[in-house]
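A.B. asks: Here the sequence shown is numbered in UniProt numbering, starting from 1 and rising by one per residue.
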Amino acid sequence: MDLRYWPAKVGGFEPPKKIIIFLPGNPGLLDYYPPFLNHLHSLLPPNHAILATSHIGHSISVPGPTVPLTLKQQIDSKVELVQSVKAYLAGWARERECSKSEISLVGHSVGAYMACEVMKRVNSRHERVIDSGIILFPTLGWIADTWNGWMLWPIFHRPIKPLLPLVSPLLRPLISFMSLPPTSRSFLLSPPVIQDVLALASDEMKEIKELDLIWFKSQGLDLGRSEKGLFGVWAAGKGDSWVGRDGPLVQDCLGGTEGGRVKVLEQVPHAFCLTQEHSELMAQLVAAAVSDGGWTSDDATLAGPADKAPIGSNIVPM
């Protein structure tokens, strides 16, 4: 697991007022996200910190297990991380005799699904360990029935899936001629990471199905105007080929665009992290949600003319 930390800009001897834990999509390589996370850190209040984690096995520099983790196991690891961070921050607060830190989760794509599952597991009626969750282009239900789920079905299943990592060495002479982000180039030249990414994607297709609408409503409509609960960003219309009928259903549970918990964007791709412009826009939205407890109509709603995205960005499993 690859972990990266952006400390609070002030008060280094005391715990941050709030820590944002970021969960990536799939591939869960953190090297896709520095433009987003660096800009987010610059926009947050100076007493806020960020901790970003890759998925286990989704790192070029940190070797993963020999057997890829399932979706449930990846979620288990995020629960352990949140509980460890909570315990560490609580001890730090006791030592410094100051208020406990708040914890917010930010998840992209399947990382958003994981964030919701972690919130279900660690929060209770008696204790809210995670104060809020911000989900970006979330894949929350029936992912196998989405456009990309149908189009990419063959590469997530036998006989093609086991063969794809074997193709990686054959790509080495060709990579320099391909129009790909540097992180994608490194990823395609790492057979173990390819194996872990495909295993997780295959498990997503099988496991991400029915929505727990009662829970989503409890994190939105039931809370009303509050800094607690869930906030989400979606692409407008059919602009996200990884999201299907789950999108409108969850948006309704959160109160829709008028409720301050939902943003629907034009011209911003699911894989926003592949361009600087879209990364900075998403950082602005997350910072506004963290600082202001939601969004207003004055918040950024459009990235302007869409950048020419790198080849394959419309179908990358993120």
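Every residue, glycine too, gets a C-beta built ideally from N, C-alpha and C. None of the values given here were measured: they were computed from a predicted structure.
Tell me the residue span of the alpha helix (DSSP H) that contains Trp-142.
C.D. replies: From DSSP, Trp-142 is part of no alpha helix (DSSP H); its letter is neither H nor E.
A.B. asks: Using three-state DSSP, classify Tyr-33 as helix, strand or coil.
C.D. replies: coil
A.B. asks: Give the straight-line distance between the Cα atoms of Ala-93 and Gln-83, rounded to the nearest whole angstrom.
C.D. replies: 15 angstroms
A.B. asks: Report yes or no: do the stretch 55–71 and the stretch 214–222 share at least 3 C-beta pairs separated by less than 8 angstroms?
C.D. replies: No: the two stretches stay apart, fewer than three of their Cβ pairs being nearer than 8 angstroms.
A.B. asks: Tell me whether the beta-carbon of Pro-15 lies closer than 8 angstroms to the beta-carbon of Ser-101.
C.D. replies: The Cβ-Cβ distance between Pro-15 and Ser-101 falls below 8 angstroms.
A.B. asks: Excluding the 5 residues flanking Ala-144 on each side, which residues of the same chain have their C-beta closer than 6 angstroms to its C-beta?
C.D. replies: Met-205
A.B. asks: Across which residues does DSSP place Lys-263 in a beta bridge pair?
C.D. replies: Residue pairing from DSSP places Lys-263 in a beta bridge opposite Val-233.
A.B. asks: Report, in whole angstroms, the separation of the C-beta atoms of Gly-224 and Cys-253, which I expect to be a contact under 8 angstroms.
C.D. replies: The Cβ separation is near 13 angstroms, so there is no contact.
A.B. asks: Looking at C-alpha atoms only, which residue of Lys-17, Asp-31, Ala-8, Leu-3 is the closest neighbour of Pro-182?
C.D. replies: In terms of Cα proximity to Pro-182, the closest of Lys-17, Asp-31, Ala-8, Leu-3 is Asp-31.
A.B. asks: Considering only the alpha carbon of each residue, which of Asp-246, Ser-190, Ser-54 lies closest to Trp-142?
C.D. replies: Asp-246
A.B. asks: Could you give the DSSP three-state label for Ile-311: helix, strand or coil?
C.D. replies: In this predicted model, Ile-311 has a pLDDT of only 38, less than 50, meaning its place in the structure is not dependable enough to derive any value.
A.B. asks: Is it right to say Arg-261 is buried, meaning 16 or more other beta carbons lie within 10 angstroms of its own, or is it exposed?
C.D. replies: buried
A.B. asks: Run the CB neighbour count on Leu-29, radius 10 Å, all protein chains shown included, and call it buried at 16 or more, exposed below.
C.D. replies: buried
A.B. asks: To the nearest angstrom, how far is it from the Cα of Ala-52 to the Cα of Val-268?
C.D. replies: 22 angstroms
A.B. asks: Cβ atoms of Met-1 and Ser-54: under 8 angstroms apart, would you say?
C.D. replies: yes
A.B. asks: Mind checking which residues open and close the alpha helix (DSSP H) that includes Val-243?
C.D. replies: Segment: none, Val-243 is in no alpha helix (DSSP H) and carries neither H nor E.
A.B. asks: Report the residue from Gly-293, Ala-90, Pro-248, Asp-76 whose alpha carbon sits nearest the alpha carbon of Gly-111.
C.D. replies: Asp-76
A.B. asks: Give me whichever residues DSSP pairs with residue 321 in a beta bridge.
C.D. replies: Within the shown structure, residues of the chain are numbered from 1 to 318, placing residue 321 beyond reach of any answer.
A.B. asks: How would you call Lys-68, buried or exposed, if buried means at least 16 neighbouring beta carbons within 10 angstroms?
C.D. replies: One point to set straight first is that residue 68 is Pro, not Lys, in the sequence displayed. Buried, since its Cβ has 16 or more Cβ neighbours within 10 Å.
A.B. asks: Taking the alpha carbon of Gly-259 as the point to measure from, which residue in Asp-240, Val-233, Leu-81 has its own alpha carbon closest?
C.D. replies: Val-233
A.B. asks: Considering only their Cβ atoms, is the gap separating Val-286 from Leu-40 smaller than 8 angstroms?
C.D. replies: When the beta-carbon positions are compared, Leu-40 and Val-286 come within less than 8 angstroms of each other.
A.B. asks: On a Cα-Cα basis, can you pick out the residue from Trp-6, Gln-251, Cys-273, Trp-242 that is closest to Met-151?
C.D. replies: Trp-242
A.B. asks: Kindly indicate the opening and closing residues of the beta strand (DSSP E) around His-108.
C.D. replies: From DSSP, the beta strand (DSSP E) with His-108 extends over 102–108.
A.B. asks: Using three-state DSSP, classify Arg-121 as helix, strand or coil.
C.D. replies: In the three-state DSSP reduction, Arg-121 falls in the helix class (H, G or I).
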